[in-house]
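Encoded as structure tokens, the structure appears first; notes follow it.
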Ligand code: NAI
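What follows is the structure, encoded as structure tokens:
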């Protein structure tokens, strides 16, 4: 048995939180030999609901769950945190301007980044799920100057998993046969899901599907899946988002199987695929010793290039708006 890991989940009383916490406590996040200490952070109005979830976590008698604590203040919630899952965010309400949305989220992710900077463990790993995830991750990163930038990531894994699911359905292959899927860019409708390097039971996916299907069905279906789920469920993706968060952190901590890669939104130092320094951007990666390693040197088609450029532009526009609001320098 390894040393216990402290995991902080924000928005713990929300829909994703409810689907996420029980899987963390079961050992799915870190591995079945790692005990977990859970810190649940909520806003004061939702603390009671989070306490109810904590009661249920205790009632599940998970052998790996060492403790559950509920917080309504950010500093103590991040004390000694090894893994921070930033799920709680301000949703866009009808008629809300982008600037207002960004400002409200800046007011959440800025202070949380600072608390992580001041209180979290030296090895802290941060996954931002709350939307707009890529931009919120940059805001948190800017408030945490003492934490290596590479520890701030944004969730692209749900998009990655959705892309695998669509390709599996199209080719009739089990999802386990699909390797090397990639989703470039942002967790938004701008994203570019890309099968250029994907294989299906060892065969290049590009030999099994045609360009017409990719362009007119695959890309828009994956990019707009979130809206389709809302339309069908009457609520946004929650269990699949929680599952993707589990996958992201599990691979970050434990590595990615040989012969495959996954898609995290990772900090850009300006050396990968022409993406400018300072963005947090989805691209193919493996992980070694608890650090993401971008898969470099792939040949990029004109179509993929256009997808990457489109996402750079969208991400930069959003960061310009954040900068104009004074949320980052
Ligand atoms: P939800 O509305 O059910 O829950 C959000 C929870 O966050 C609420 O309980 C709320 O009280 C809490 N919260 C709000 N501000 C907080 C703060 N400052 N500190 C702590 N907690 C706070 O929403 P749901 O369905 O759980 O989704 C959460 C976020 O995840 C949303 O922003 C959603 O857009 C995003 N999301 C991201 C995905 C991705 O792939 N990156 C996929 C699906 C959802």
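Numbering (the UniProt record's numbering), first residue to last: 2 to 330. Beta carbons: idealized from backbone N, C-alpha and C, even for Gly.
Item to complete: Indicate whether residue 315 and residue 191 have their beta-carbon atoms separated by less than 8 angstroms.
Response: Taking the chain shown and counting its residues from 1, the one referred to as residue 315 is at position 314. Taking the chain shown and counting its residues from 1, the one referred to as residue 191 is at position 190. Note that the C-beta distance between residue 315 and residue 191 is below 8 angstroms.
Discussion item. To test your reading of the DSSP string, which unbroken alpha helix (DSSP H) runs of 4 or more residues are found completely within the stretch 6-88?
Written reply: 16-27, 48-60, 75-78
Item to complete: Would you check whether ligand 1 has a heavy atom nearer than 7 angstroms to the C-beta of residue 375?
Response: Since the first and last residues shown for the chain are 2 and 330, residue 375 lies out of range.
Worksheet item: Which stretch, first to last residue, makes up the alpha helix (DSSP H) that contains residue 194?
Response: Here residue 194 refers to the residue found at position 193 of the chain shown. Residue 194 -> not in any alpha helix (DSSP H); beta strand (DSSP E) instead, spanning 193-195.
Worksheet entry | Residues near residue 214 by beta carbon distance below 6 angstroms, same chain, minus five either side | Indexing the chain shown from 1 puts residue 214 at position 213. Cβ neighbours of residue 214 beyond the five flanking positions: none.
Worksheet item: For the alpha helix (DSSP H) that contains residue 126, what are its first and last residues?
Response: Translated into the one-based positions of the chain shown, residue 126 becomes position 125. From DSSP, residue 126 is part of no alpha helix (DSSP H) but of the beta strand (DSSP E) over 126-129.
Worksheet item: Assuming residue 134 and residue 266 make a contact with CB atoms under 8 angstroms, what is their CB distance in whole Å?
Response: Position 133 of the chain shown, counting from 1, holds the residue named residue 134. Position 265 of the chain shown, counting from 1, holds the residue named residue 266. Indeed, because the Cβ distance is near 7 angstroms, the residues count as touching under 8 angstroms.
Worksheet item: Under the DSSP definition of a beta bridge, which residues are partnered with residue 260?
Response: As a working note, residue 260 is residue 259 in the chain shown. Note: residue 260 sits in no beta bridge, so no partner.
Worksheet item: For residue 326, is the classification buried or exposed, using 16 other Cβ atoms within 10 angstroms of its Cβ as the cut-off for buried?
Response: Here the question's residue 326 lines up with position 325 in the chain shown. So residue 326 counts as exposed.
Worksheet entry | Close Cβ partners of residue 202 (< 8 angstroms) along its chain, the five nearest in sequence each way excluded | Within the chain shown, the letter at position 201 stands for residue 202. Hits under 8 angstroms: 174, 178.
Practice prompt. Would you decide whether residue 218 is buried or exposed? Buried here means 16 or more other CB atoms lie within 10 Å of its CB.
Written response: By 1-based counting over the chain shown, the position of residue 218 is 217. Residue 218 should be labelled exposed.
Worksheet item: Taking the alpha carbon of residue 17 as the point to measure from, which residue in 143, 30, 237, 106 has its own alpha carbon closest?
Response: Along the chain shown, one-based indexing puts residue 17 at 16. With distances taken between Cα atoms, residue 17 lies closest to 237.
Discussion item. For residue 278, which residues in the same chain have their Cβ closer than 8 angstroms to its Cβ, ignoring the five residues on either side in sequence?
Written reply: To locate residue 278, count along the chain shown from 1; it is residue 277. Closer than 8 angstroms at Cβ, skipping near neighbours: 269, 270, 271.
Item to complete: Taking 8 angstroms as the cut-off, decide whether the C-beta atoms of residue 87 and residue 129 are in contact.
Response: If you number the chain shown from 1, residue 87 lands on position 86. If you number the chain shown from 1, residue 129 lands on position 128. Yes, they are a contact pair.
Item to complete: Taking residue 256 and residue 288 to be in contact with their CB atoms under 8 angstroms, please state how far apart those CB atoms are, rounded to whole angstroms.
Response: The count along the chain shown starts at 1 and reaches residue 256 at position 255. The count along the chain shown starts at 1 and reaches residue 288 at position 287. Yes, residue 256 and residue 288 are in contact; Cβ-Cβ is about 5 angstroms, under 8 angstroms.
Worksheet item: Taking residue 122 as the reference, which of 7, 189, 309, 231 has the closest Cα?
Response: As a position in the chain shown, residue 122 is number 121, starting the count at 1. With distances taken between Cα atoms, residue 122 lies closest to 7.
Discussion item. For residue 33, which residues in the same chain have their Cβ closer than 8 angstroms to its Cβ, ignoring the five residues on either side in sequence?
Written reply: As a working mapping, residue 33 is identified with position 32 in the chain shown. Contacts found: 65.
Practice prompt. Please name the residue in 24, 41, 91, 97 whose C-alpha comes closest to that of residue 62.
Written response: Counting from 1 along the chain shown, the entry for residue 62 is found at position 61. The shortest C-alpha separation from residue 62 is found at 24.
Worksheet item: When the Cα of residue 147 is compared with those of 303, 84, 112, 117, which residue comes out closest?
Response: The count along the chain shown starts at 1 and reaches residue 147 at position 146. Here the closest residue by C-alpha is 117.
Worksheet entry | Beta-carbon gap between residue 20 and residue 41 smaller than 8 angstroms | The sequence position of residue 20 within the chain shown is 19, counting from 1. The sequence position of residue 41 within the chain shown is 40, counting from 1. At a Cβ-Cβ threshold of 8 angstroms, residue 20 and residue 41 do not count as neighbours.
Worksheet item: In three-state DSSP terms, what is residue 319?
Response: On the chain shown, residue 319 is found 318 positions in, with the first residue counted as 1. Helix, per DSSP.
Item to complete: Quick one: using the 10 Å Cβ neighbour count with 16 as the cut-off for buried, is residue 165 buried or exposed?
Response: Start at 1 with the first residue of the chain shown, and residue 165 comes out as number 164. The residue is buried, with at least 16 neighbouring Cβ atoms inside 10 Å.
Worksheet item: Is the stretch 99-108 in contact with the stretch 221-238, if contact means three or more CB pairs nearer than 8 angstroms?
Response: Three or more Cβ pairs closer than 8 angstroms define a contact, and the stretch 99-108 falls short of that threshold against the stretch 221-238.
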